[in-house]
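Novice:
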Amino acid sequence: MTRKILVVNHDFDLMTLLQTWLQRKNYKVEYTGVVEEVPQIIRKFKPDLLIVDVLQGELAEELKARKETKNLKILLMTGYTLPNKTPNSVQMDDVIEKPFDLSLMERKIELLVRA
Amino acid sequence: MLMRKTLNSLFTSYDLFDSLFSNTKQNNVLLMDTEGVILEINSAFFEVFGYTDDDIIGKHFSMLFTEEDQLKQLPQKELNNVLEKGQCNDNNYLVNKHGIKRWVSGESILITNKESKHLILKVIQDIHLQKTYEHSLEQLHDFNERIISTIDDIVFVVNDEMRIIKANKSFHQLFGEIDNENADFNDIVKQLDNGDELKNQMQQALRSDAGFINKETQVITRAGEKKIFDVSCRRLEEKDNKRDLLFIMHDITMVREDERRREDIIGFVAHELRNPLANLVLCNELLSETLKDNNIKESLEFVTRSKNNIMRLNKMIAELYDATKAGSGNLQIEKQLFNFDAMIFEAIETIKVLQPKYEIKVRGSANIEVYADRYRLIQVVTNYLSNGIKYSNGSAEVELIVEHNDKIVTVAVKDKGLGIAKENLPYIFNRFFRAEKTKNVEGIGLGLFLCRQIIQAHNGNVWVESDEGKGSIFYFSIPA
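Here's what the structure looks like:
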């Protein structure tokens, strides 16, 4: 069964590159840069995993707080190294730091979609 | 017998007085009648004030007063006083023979001579030096007090019984008015977040000669604000075996805030720089996969995308570097003569390469030669345009309007994008400013800051008009 991933980011280049890379790993991938559209896409696309940037951290928190999306796995990407900015306080399923260690990222994604 | 004894003692006392009158060096004595006419002076008076008998005998004693005191009728008041009370003390200036004022202390006594005639004996001491010392001491004290109360730092002294024996204005402003004689240092300790630790160190300082410096402490002010202080403590130089400690608390709240803000900014900049880096990692990975597949077309695509990301990275680093230079006033402007329209055309071409989807409409023109930094102006125009596109919220239309007269050239870039909230307008050209709504758009908040610095270096102006939700118009003008 093909697992589905939704990428939410502000960087068009990153979203399309991630899509290409994940598609080669046999995932089905959609992306959006418009935060407001996310709930609607989730309803239609029914992703197994959401990959969001720390800049969309509020969205991730909102989704975790909502009943219909609280079980949706979320992987947070961050470029921050400062301890007070890392989203450890946010109850995300996992965190990956930019620039990516791709083999680590691949393993994290595998674990999250299978859980 | 009795008569003779009295006479004897009278003569003796007369002799004694005469010898005192003639030989004293400290007491300058003056004898005058009840009208104030000087009858006699002793040698000490001559020594100290320079007047000889010829200068002074038969003259009215008001000649010894300053003009000012004469106008105030001080001599007459003194006379009335001694005639009424029989004795009086006065401190005032006495003018010596050379016209120099000396501060003196005088005692006047009403006496009666052998002929039962009333006379006034005046004993004068020159206390000018004491007065001068006193005055300079007062000034010095006043000066010290003013320095201590002017200092913004909190300065206070605690004795070995934990009593605050001196505190300046800043101290009272923070901790409230205290009774200087009796204030308990422990009450202050309670208000410091690590007061007990400071108290321990203070007690150590009392035992040894060493004080401490650079201890940090926090105080919540009466207004509820949190303030951070750098505390130093030193033993005051020992006097009368007293062990007093001088405390100085320097407010470093702003410094700490600046540090925190800088950390935030650096964190944010690092985050933004890692975006293109993350893209490069993905490009590289995909490139090696497409190469393995022998897919040249896709491989070339990833090479191009790598290149773009390297350029993005480089642009951010250049902006960061320029902003640092501009912040310290070292932005270099290299002026040359060039055609303004041609410069605008080149800027638009640059944007078209980067953002082919967007259409830039041009209105007006300035087919004139201007003397300015061509490269920097292209930087400003492309920045305005890419901002217009970046914040366009999906609308693909950005308009560029050029106008000029004899004096100035004005460029306006109009978008139909997000617009800027009114409260954010004043800060839009500030360094590292990013409005809340634009947090999802890439950028480190240096572009507009640099634009302003560049245009200001040309003696020009930047400004913005905006309607939130409808769009913005960014302007700049430079001398033509």
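These protein sequences, in sequence, are chains P and X.
Just so you know, we're using this note's numbering here: the first sequence kicks off at 41 and counts up by one.
Just so you know, we're using this note's numbering here: the second sequence kicks off at 641 and counts up by one.
Note that beta-carbon positions come from the ideal geometry of N, C-alpha and C, so glycine has one too.
Here's a check: name, in chain order, each residue in its chain whose Cβ is nearer than 6 Å to the Cβ of X:K699, leaving out the five neighbours to either side.
Specialist: Counting from one through the second sequence, the residue named residue 699 of chain X turns up at place 59. Once the five neighbours on either side are set aside, the close Cβ partners of X:K699 are I678.
Novice: If you count every other CB in all the chains shown that lies within 10 Å of the CB of P:P87, and 16 or more means buried, which is it?
Specialist: By 1-based counting over the first sequence, the position of residue 87 of chain P is 47. Buried, because 16 or more other Cβ atoms sit within 10 Å of the Cβ of P:P87.
Novice: Give me the Cα-Cα distance between X:N1027 and X:A850, rounded to the nearest whole angstrom.
Specialist: Your numbering for residue 1027 of chain X matches position 387 in the second sequence. Your numbering for residue 850 of chain X matches position 210 in the second sequence. Their backbone Cα atoms lie some 59 Å apart in a straight line.
Novice: When DSSP builds the beta bridges, which residues end up paired with X:K997?
Specialist: Indexing the second sequence from 1 puts residue 997 of chain X at position 357. Bridge partners of X:K997: none, in fact.
Novice: Under a CB-based cut-off of 7 Å, is X:A918 close to chain A?
Specialist: This model lacks chain A altogether, as its protein chains are P and X.
Novice: Closer than 8 Å, Cβ to Cβ, to anything on chain X: give me those residues from the segment 63 to 85 of chain P, in chain order.
Specialist: Residues of the segment 63 to 85 of chain P with a Cβ closer than 8 Å to any Cβ of chain X, in chain order: R64, G73, V75.
Novice: 7 Å is my cut-off, CB to CB: does X:H911 come that close to chain P?
Specialist: Here residue 911 of chain X refers to the residue found at position 271 when the second sequence is read from its first residue. It does: the Cβ of X:H911 has a partner Cβ on chain P nearer than 7 Å.
Novice: Which residues in chain X sit within 8 Å of P:P139, going by Cβ to Cβ distance?
Specialist: In the first sequence, residue 139 of chain P corresponds to position 99, counting from 1. The contacting residues are R914, L917, A918, L920, V921.
Novice: Residues in its own chain within less than 7 Å of P:E70 by CB, not counting five upstream and five downstream?
Specialist: Taking the first residue of the first sequence as position 1, residue 70 of chain P is located at position 30. Correct list, in chain order: L46, I81, F85.
Novice: So X:R883 is in the beta strand (DSSP E); what residue range does that whole segment cover?
Specialist: Residue 883 of chain X sits at position 243 when you count from the first residue of the second sequence. Careful: X:R883 lies outside any beta strand (DSSP E) and carries neither H nor E.
Novice: Enumerate in chain order the residues of its own chain whose CB-to-CB distance from P:I136 is below 8 Å, with the five nearest sequence positions on each side excluded.
Specialist: Your numbering for residue 136 of chain P matches position 96 in the first sequence. Closer than 8 Å at the Cβ level, and outside the excluded window around P:I136, lie L115, L116, M117, T118, L144, M145, K148.
Novice: For the segment 43 to 64 of chain P, which residues have a beta carbon sitting closer than 7 Å to at least one beta carbon of chain X?
Specialist: Correct list: H50, D51, D53, L54, L57, L58, T60, W61, R64.
Novice: Output the distance between the C-alpha atoms of X:F701 and X:L723, rounded to the nearest integer angstrom.
Specialist: Taking the first residue of the second sequence as 1, we reach residue 701 of chain X at position 61. Taking the first residue of the second sequence as 1, we reach residue 723 of chain X at position 83. Going by the C-alpha atoms only, they are around 15 Å apart.
Novice: For my contact list, X:I805 and X:I818 are in at a C-beta cut-off of 8 Å; report their separation, rounded to the angstrom.
Specialist: As a working note, residue 805 of chain X is residue 165 in the second sequence. As a working note, residue 818 of chain X is residue 178 in the second sequence. Not confirmed; about 11 Å, so no contact.
Novice: Determine the closest residue to X:T893 out of X:F869, X:L876, X:L913, with distance taken between C-alpha atoms.
Specialist: In the second sequence, counting from the first residue as 1, residue 893 of chain X sits at position 253. Answer by Cα proximity: X:F869.
Novice: By the three-class DSSP mapping on this structure, what secondary structure does X:I697 have?
Specialist: Taking the second sequence and counting its residues from 1, the one referred to as residue 697 of chain X is at position 57. Look at X:I697 here: in three-state DSSP terms it is coil, with no helix or strand label.
Novice: Kindly indicate if chain P contains any beta-carbon less than 7 Å away from that of X:L926.
Specialist: Walking along the second sequence from the start, residue 926 of chain X turns up at place 286. Yes, X:L926 lies at the interface with chain P (some Cβ there is under 7 Å from its Cβ).
Novice: Determine, using beta carbons only, whether P:L142 comes closer than 7 Å to chain X.
Specialist: For this step, residue 142 of chain P is matched to residue 102 along the first sequence. Yes, contact with chain X.
Novice: On the criterion of 16 or more Cβ atoms from any shown chain inside 10 Å, does X:S810 qualify as buried, or is it exposed?
Specialist: As a working note, residue 810 of chain X is residue 170 in the second sequence. So X:S810 counts as buried.
Novice: Please decide whether X:G1004 counts as near chain P, where near means a Cβ-Cβ distance under 7 Å.
Specialist: Within the second sequence, residue 1004 of chain X is the residue found at index 364, counting from 1. Not a single CB atom of chain P sits nearer than 7 Å to the CB of X:G1004.
Novice: Taking 7 Å as the CB-CB cut-off, is X:K907 touching chain P?
Specialist: Start at 1 with the first residue of the second sequence, and residue 907 of chain X comes out as number 267. Checking the displayed sequence, the identity of residue 907 of chain X turns out to be Gly instead of Lys. Against chain P, the CB of X:G907 has a partner CB under 7 Å away; the residue lies at that interface.
Novice: Have a look at X:I740 and X:N732 and give me their C-alpha separation to the nearest angstrom.
Specialist: For this step, residue 740 of chain X is matched to residue 100 along the second sequence. For this step, residue 732 of chain X is matched to residue 92 along the second sequence. Distance between the alpha carbons of X:I740 and X:N732: 13 Å.
Novice: Which complete alpha helix (DSSP H) runs does the segment 770 to 847 of chain X hold, if anything under 4 residues is left out?
Specialist: Segments of the alpha helix (DSSP H) lying fully in the segment 770 to 847 of chain X: 809 to 815, 825 to 829, 835 to 847.
Novice: Under 7 Å Cβ to Cβ from X:V943, same chain only, skipping five residues before and after it: list those, please.
Specialist: If you number the second sequence from 1, residue 943 of chain X lands on position 303. Cβ neighbours of X:V943 beyond the five flanking positions: L927.
Novice: Between the segment 1092 to 1102 of chain X and the segment 1007 to 1025 of chain X, do three or more beta carbon pairs fall short of 8 Å?
Specialist: yes
Novice: How would you list, in chain order, the residues of chain P whose beta-carbon sits under 8 Å from the beta-carbon of X:R945?
Specialist: Stepping through the second sequence from its first residue, residue 945 of chain X is reached at position 305. Near X:R945 (Cβ distances below 8 Å), the residues of chain P are D53, L57.
Novice: By Cβ distance, which residues of its chain are closer than 6 Å to X:S683, with the 5 residues on each side in sequence left out?
Specialist: In the second sequence, the residue the question calls residue 683 of chain X occupies position 43. If we look at X:S683 and ignore the five residues flanking it on each side, it has no Cβ neighbours.
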